[in-house]
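Numbering (the working numbering), first residue to last: -10 to 206.
Think of the CB as a built atom: it goes at the ideal place given N, C-alpha and C, for glycine as much as any other residue.
Just below is one structure, and these are the notes that go with it.
Here is the structure:
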């Protein structure tokens, strides 16, 4: 993905990007699938930007229970809150597939030369906009995990995906285990309920492709 297309660098020109690199604010790194980029407990000063591939942000408790909080796709930012506040991370960021990540060092961004400093406020404004959008995504996950039954959680999540894509036929960013982790469900129970819903004519699916048959209000 071209850096100019990334929302966090909206209105930043090539010369300014080159200056950010020269002053040590940016670096790129490639990762294999299932590689932990940031570990729970890390204290960081860099945020991550997905140039290719994708990343999941997850929490694992002391008993090994895994919960996926968000899926970060190409062009999106992750770990920006921890990079800002300097608090130990309560989550881990792990590649869902082979990925290339661009890191932006927020600490070094504060000490740019006068020639490069003009882009700092633009990046911060872009980050504010991104953070607001991510708060909406987090709110959507809360909606999905609040209902008590598996079917209710599935219907809310899948309806949201249909509304987001503008179609009753769509792909989700999760495999079955990741979908279960995102919805805080047991995988076998999730698969069983999906099978029931297919038999009842509510939906159909193949891997991560879904089609909803009931009218969405």
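Residue i - DSSP class collapsed to helix/strand/coil
i           : result
residue 125 : helix
residue 86  : coil
residue -3  : helix
residue 101 : coil
residue 7   : helix
residue 80  : coil
residue 93  : strand
residue 62  : coil
residue 31  : coil
residue 172 : coil
residue 112 : helix
residue 205 : Because residue 205 sits at a pLDDT of 47, beneath the cut-off of 50, its placement in the model cannot be relied upon, and the point is left open.
residue 191 : coil
Member of the options whose CA lies at the smallest distance from the CA of residue i
i           : options           : result
residue 69  : 45, 94, -5        : 94
residue 22  : 61, -4, 9, 83     : 83
residue 199 : 147, 175, 141     : 147
residue 110 : -3, -9, 135       : -3
residue 34  : 45, 96, 106, 28   : 96
residue 58  : 108, 52, 45       : 45
residue 25  : -1, 54, 153, 80   : 80
residue 163 : 90, 50, 136, 60   : 60
residue 167 : 53, 120, 128, 197 : 197
residue 138 : 184, 179, 112     : 179
residue -9  : 17, 53, 8         : 17
Buried versus exposed, by CB contacts within 10 Å (16 or more), residue i
i           : result
residue 2   : exposed
residue 74  : exposed
residue 72  : buried
residue 28  : exposed
residue 39  : buried
residue 230 : Residue 230 lies beyond the range of the chain shown here (-10 to 206); nothing can be said about it.
residue 175 : exposed
residue 67  : buried
residue 171 : buried
residue 122 : exposed
Continuous alpha helix (DSSP H) stretch holding residue i: start and end
i           : result
residue 70  : 69 to 74
residue 183 : 176 to 188
Delimiting residues of the beta strand (DSSP E) encompassing residue i
i           : result
residue 18  : 15 to 20
residue 47  : 44 to 49
residue 201 : 198 to 201
Continuous alpha helix (DSSP H) assignments of at least 4 residues falling wholly in the region 120 to 166: 139 to 154
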